[in-house]
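> Let me begin by handing over the structure; questions about it come next.
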Amino acid sequence: MPREEMPPVLLEQVAERFRALGEPVRLALLDALRKGEQTVGELVEATGHGQANVSRHLGVLHAAGLVSRRREGTFVHYAVADPGVYDLCDLVCGRLQRDAEAIVRAVR
Numbered sequence: 086m087p088r089e090e091m092p093p094v095l096l097e098q099v100a101e102r103f104r105a106l107g108e109p110v111r112l113a114l115l116d117a118l119r120k121g122e123q124t125v126g127e128l129v130e131a132t133g134h135g136q137a138n139v140s141r142h143l144g145v146l147h148a149a150g151l152v153s154r155r156r157e158g159t160f161v162h163y164a165v166a167d168p169g170v171y172d173l174c175d176l177v178c179g180r181l182q183r184d185a186e187a188i189v190r191a192v193r
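In the numbering used here, each number is its position in the sequence shown, counted from 1, plus 85.
Here it is as structure tokens:
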């Protein structure tokens with residue numbers, strides 16, 4: 086059965102998510118959040134990026150619906166809003182690994 090075309094509004098939402106994933110710092114933040122909820126300070130330490138940079142990228146991830154946040158006193162805790170994002174990341178990483186292995190085999 087053929088799949089129906091996606092409405093333009095849905096295509097824009099999908100594109101927004103992919104734009105949010107198209108930045109290495111944001112991918113590093115998502116990877117760090119695999120361990121669970123973390124504060125900005127913990128994410129700064131885990132990724133080695135500056136606090137302002139981490140905060141800015143977390144804002145983009147939050148706006149795209151990829152991370153959730155909750156305030157506890159003076160701290161803001163971030164968590165992955167939809168763990169399905171890791172399925173996508175794992176799919177892409179797996180494909181890149183297979184491509185790299187094929188190149189190595191071809192060179193030998």
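Note that CB positions come from ideal geometry on N, CA and C, so glycine has one too.
For arginine 141 and glycine 179, what's the separation of their Cα atoms in angstroms?
28 Å
> So what does threonine 124 bridge to, in DSSP terms?
His162
> Per DSSP, which residues does serine 153 bridge with? Please list them.
Ala164
> Could you name the residues of the same chain whose beta carbon sits closer than 8 Å to that of valine 110, not counting the 5 residues immediately before and after it, in chain order?
Thr132, His134, Asn138, Val139, His142
> Glutamate 90 to leucine 96, Cα distance in whole Å?
10 Å
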